[in-house]
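Per my numbering, numbering of the sequence shown is gapless, rising by one per residue and ending at 126.
Note that the Cβ used here is the ideal one computed from N, Cα and C, for glycine as well.
Keep in mind that this is a model prediction, so the values were computed, not measured.
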Amino acid sequence: IYDRMSEDADKSSRNFPGGWNREHLWPKSFGVGNWGADYSDLHCLRPSSAVTNSARGNKPFGNCTARPEAFYGNAKGATCFMPPASVRGDIARCLFYMVVRYDGSEVGTADLVLTDCVCPQQFAMG
């Protein structure tokens, strides 16, 4: 999603170092665990280059004035990751969807929150 490039399906990072993998736009460490509906929700999973996905890690999205990272307008600071402008709307819609959809009432899900005060322990992401 961040690099806006095509990659062969057989070049996943499992089979091809530096290939592609799946990106959880809402990081697992911010409430989306390793199982449950929120973990596998296709609205929040995107293909990503393994290099860029690794650069983002579990950083929340933000306005970074730090160095460019990987390709196509991505930037990474010490505490945030800024995707290119062309995909920010898609990402924002995904994050709003996750907050509305997952309120912790289903088994294996958490009550996700969007905030300016990022706190992984409270499942709050900005």
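By the criterion of a C-beta distance shorter than 8 Å, Ala110 is surrounded in its chain by Gly31, Val32, Gly33, Asp38, Tyr102, Gly104 and Phe123, once the five residues flanking it on both sides are discounted. Only residues of its own chain outside the window of five on either side were considered, and among them Trp26, Gly31, Met98, Val99, Tyr102 and Phe123 have a CB closer than 7 Å to the CB of Leu112, listed in chain order. According to the DSSP assignment, Ser49 belongs to no alpha helix (DSSP H) but to the beta strand (DSSP E) extending over Leu45 to Ser49.
A direct Cα-Cα distance of roughly 7 Å separates Ala55 from Lys76. Proximity to Pro60 across Leu95, Ser48 and Ala85 peaks at Leu95, based on C-alpha coordinates. DSSP places Ser86 in the uninterrupted alpha helix (DSSP H) bounded by Ala85 to Arg101. For Trp20, the enclosing beta strand (DSSP E) begins and ends at Trp20 to His24. In the assembly as shown, Asp116 is an exposed residue. Its beta-carbon has fewer than 16 other beta-carbons within 10 Å. Your pair Ser48 and Trp20 checks out as a contact, with CB atoms roughly 6 Å apart and the cut at 8 Å.
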